[in-house]
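Residue numbers (the working numbering): 77 to 598.
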Amino acid sequence: MRVKKGIAIALVAMVFVLSLSALSCGGTSGAGVLTLYGSEPSTLDPALCADATSGGYIVEIFSGLVTLNSDLEVIPDIAERWDVSGDGTTYTFHLRDGVRFHHGKELTANDIKYSIERAADPDTGSQVAEAYLGDIVGVKEKLRGDAEEVAGVVVIDDKTLQLTIDAAKAYFLAKLTHPAAFVVDEENVEPTADWWRFPSGTGPFKFREWWSGQRLVLERNDNFYGDIAKLDIVTFLFTGNSMMMYEKGQLDITQVGTANIERVLDPTNPLSEEMVIVPELSLGYIGFNTAMSPFDDEKVRQAFCYAVDKEEIIEILIKDTVSTAYGILPPGIPGYSEGMEGLNYDVASAQQLIAESSYQDSLPAIVLSVPGSYAGAAASIEAIAWMWQENLGVEVEIEVVDWDTFLDDLWEGKFQAFEIGWLADYPDAENFLDLLFHSESVENHTAYSSPYVDQLLEEARVESDFESRLAVYREVEQAIVQDAPLLPLWFGESYYLVKPYVEGFSPAPMIIPTFKDVWLQK
77 MRVKKGIAIA LVAMVFVLSL SALSCGGTSG AGVLTLYGSE PSTLDPALCA DATSGGYIVE
137 IFSGLVTLNS DLEVIPDIAE RWDVSGDGTT YTFHLRDGVR FHHGKELTAN DIKYSIERAA
197 DPDTGSQVAE AYLGDIVGVK EKLRGDAEEV AGVVVIDDKT LQLTIDAAKA YFLAKLTHPA
257 AFVVDEENVE PTADWWRFPS GTGPFKFREW WSGQRLVLER NDNFYGDIAK LDIVTFLFTG
317 NSMMMYEKGQ LDITQVGTAN IERVLDPTNP LSEEMVIVPE LSLGYIGFNT AMSPFDDEKV
377 RQAFCYAVDK EEIIEILIKD TVSTAYGILP PGIPGYSEGM EGLNYDVASA QQLIAESSYQ
437 DSLPAIVLSV PGSYAGAAAS IEAIAWMWQE NLGVEVEIEV VDWDTFLDDL WEGKFQAFEI
497 GWLADYPDAE NFLDLLFHSE SVENHTAYSS PYVDQLLEEA RVESDFESRL AVYREVEQAI
557 VQDAPLLPLW FGESYYLVKP YVEGFSPAPM IIPTFKDVWL QK
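As structure tokens, this is what we get:
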């Protein structure tokens, strides 16, 4: 899932402003009231959820057949249980009783069928449906406008649904934890195009209000089919200085950025006792558009990787709050290789590769596009641009693009080079390597194409032996790193300050429902 922010914030304190809970909290007016500092979502429509900011809210309001627990294991959600056919391609889900939308309507298997087919309807305009639902037979045909229904979605009765996929795939259930597979109510969706500003889901929290530019408020869903949330209200504020508010006692939890991290980590500072550090299943990187000059030349891409001393940037500018990424898969993802050989800082090799490239001494100017507010990440981004200019003699312009526009331009392949982050949707190497680098993947924004890598990725999709599958992914990762469609920068960590009276807050390394287990002991 895409994460916004500039490099230093986005993957330093992992202020994806997002996520696990879009967290930076505020307000303590009542034991059951938690006020968070968040970023305004692009959408609350699960079918259109392409970024982690929006996803952090959506996972609290909506739910799907399955979900992830705090150990990142797939567990039942709306589905009470499921059966899998002998060939591994047909899943029969048995729905639990008592699942209702927030306005009271009881959920049936037809609602799930409607939701999947709506996400796959070309009129919906989902950019993520193919990536996360495309394994279901008929989804791609529906997306192309060649079918009225999704053939692989069959309602057996009100409490039973069958999903048939195109081949046995070990990660299929995990994909269903993405918001694209969440259930929406046709009666809520159909009357108006902006229904998502007043959504009715089945999640642990109900939507209460959204004042654009100010706040978004959720309240406990007392009719939730699972464990009822302990908090009464969760309010997300879109203005203010969260760190100052936390120190004044106005916030319950906040994330800490580089400006304050050294002070907070100082063991003589009382705040250090309130620090919680959480590794993220995330990668920060610079993407190169391999279909655009000069990054259509592999040697140029490799040179731009060799020309950046990311270890120095991490130590001096990011204060060692992230770990250097030599590859693509972060620690914690099965298949992560601690001994990955990357294209590490080597100016001589960088200059030699440029001399051997088709561009030689005629490199065109480079535009590095970065999303959202640039101020917080200026030092890191400018350091990268300066290293390219100093070591390669190339002119570099930094272009700052509004987040929503950035996403649109990213999908349309308009950027020459771009800074972005990727946060795991589910803990599987496929989520990084296949989604980002298969030549036919809709998430492949570098336009990278390698028949060799495609073949390996397709083999891994249907490999049933766990260790054999991981071995394939390690080979894929090494090949991609050498082909250099991206410059891996770092794997992130989140730094939270948590008031002592906050109980049950266990932030995960990726986006999962979080707030229903939180309460304030005071």
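Here a beta-carbon is modelled for each residue, glycine too, at the ideal position from N, C-alpha and C.
Quick caveat: nothing in here was measured; it's all calculated off a predicted structure.
Applying the 10 Å Cβ sphere with the 16-neighbour rule, what's the burial state of P583? In summary, P583 is buried, with 16 or more beta-carbon neighbours lying within 10 Å of its beta-carbon over all protein chains present.
In chain order, what residues of the same chain lie with their CB nearer than 6 Å to the CB of K218, ignoring the 5 residues before and after it? Result list for K218: A196 and V226, in chain order.
I'd like the ranges of any beta strand (DSSP E) spanning at least 3 consecutive residues and lying wholly in the segment 486-551. For the segment 486-551, whole beta strand (DSSP E) runs of length 3 or above, ordered along the chain, are 493-499.
Could you say which of G279, G132, T165 and L110 lies nearest to S139 if we only look at CA atoms? With distances taken between Cα atoms, S139 lies closest to G279.
Smallest Cα separation from V423: which of T200, A244, Q378 and E349? With distances taken between Cα atoms, V423 lies closest to Q378.
Can you say whether G469 is buried or exposed, counting buried as having 16 or more other CB atoms within 10 angstroms of its CB? With fewer than 16 Cβ atoms within 10 Å of its Cβ, G469 is classed as exposed.
Report yes if the CB atom of F491 is closer than 8 Å to the CB atom of S445, and no otherwise. Yes, the Cβ-Cβ distance between F491 and S445 is below 8 Å.
Keeping to the same chain, check which residues put their C-beta closer than 8 Å to that of S288; ignore five residues upstream and five downstream. Closer than 8 Å at Cβ, skipping near neighbours: E116.
Could you pull the start and end residues of the alpha helix (DSSP H) that R339 belongs to? T334 to L341 is the span of the alpha helix (DSSP H), which, as asked, contains R339.
Straight-line CA distance for E374 to F380? For E374 and F380, the distance between alpha carbons rounds to 10 Å.
Tell me whether the beta-carbon of P152 lies closer than 8 Å to the beta-carbon of I134. Against a cut-off of 8 Å, the Cβ pair of I134 and P152 comes out as no contact.
With a floor of 3 residues, list each beta strand (DSSP E) that falls wholly inside the segment 229-293, ordered by position along the chain. Runs found: 229-233, 236-240 and 281-287.
I474 lies in the beta strand (DSSP E); which residues open and close that run? I474 -> beta strand (DSSP E) spans V472 to V477.
Cross-strand partners of V625 (DSSP beta bridge): In the structure as shown, the chain starts at 77 and stops at 598, and residue 625 therefore has no counterpart that could be examined.
Excluding the 5 residues flanking C101 on each side, which residues of the same chain have their C-beta closer than 7 Å to its C-beta? Annotation note: pLDDT 36 at C101 (below 50); position unreliable, coordinate value reported separately. The residues are L110, T111, L112, Y113, L327, D328, I329 and T330.
Own chain residues within Cβ distance below 8 Å of D308, not counting five before or after: Within the same chain, D308 has close Cβ partners G106, G108, V109, E295 and R296.
DSSP on M320, reduced to helix/strand/coil? Secondary structure of M320 (DSSP, three-state): helix.
In whole angstroms, give me the CA-to-CA distance for D163 and I212. Roughly 15 Å separates the two Cα atoms.
Return helix, strand or coil for Q331, following the three-state DSSP convention. In this structure, Q331 counts as strand in the three-state DSSP scheme.
Nearest-angstrom Cβ-Cβ length linking G411 and A505, presumed shorter than 8 Å: With a contact defined as Cβ atoms closer than 8 Å, G411 and A505 qualify at about 4 Å.
What residue from A269, A523, Q531 and V310 has the CA that sits closest to V548's CA? Nearest of A269, A523, Q531 and V310 to V548, Cα basis: Q531.
Range covered by the alpha helix (DSSP H) that runs through A459: A454 to L468 is the extent of the alpha helix (DSSP H) around A459.
Where does F380 fall in DSSP's three states? Three-state DSSP puts F380 in a helix.
Could you give the C-beta distance for L239 and Y167, rounded to a whole number, given that I count them as a contact under 8 Å? At roughly 5 Å, the Cβ-Cβ gap stays under 8 Å, so L239 and Y167 are in contact.
Does the beta-carbon distance from V150 to A185 come in below 8 Å? Their beta carbons are not under 8 Å apart, which means V150 does not touch A185 by this criterion.
Helix, strand or coil for P410? Go by DSSP, reduced to three states. If DSSP states are grouped into helix, strand and coil, P410 belongs with coil.
Which whole-angstrom value is the C-beta distance of V293 and T315, which I expect to be below 8 Å? Incorrect: roughly 14 Å between the Cβ atoms, too far for contact.
Alpha helix (DSSP H) runs wholly inside the segment 159-187, at least 4 long, in chain order: List check, alpha helix (DSSP H) in window: nothing returned.
Alpha-carbon to alpha-carbon, L124 and L499: Rounded to whole angstroms, L499 to L124 spans 17 Å at the Cα level.
So, do the segment 385-405 and the segment 479-489 have three or more beta carbon pairs nearer to each other than 8 Å? Not touching, per the Cβ criterion.
Note the first and the last residue of the continuous beta strand (DSSP E) segment covering I151. Here the beta strand (DSSP E) through I151 covers V150 to P152.
Tell me the residue span of the alpha helix (DSSP H) that contains S608. This structure cannot speak to residue 608, because the chain is shown only from 77 to 598.
On the premise that L405 lies in contact with T253, defined as a C-beta separation below 8 Å, what is that separation, rounded to the nearest angstrom? So it is not a contact: roughly 19 Å between Cβ atoms.
Cβ-based burial, A367 [other Cβ within 10 Å; buried from 16]: It is exposed - the Cβ of A367 has fewer than 16 other Cβ atoms within 10 Å.
Taking C-alpha atoms, which residue in F591, N345 and D372 lies nearest to A561? For the sequence presented, residue 561 should be read as Pro rather than Ala. Cα-wise, what sits closest to P561 is D372.
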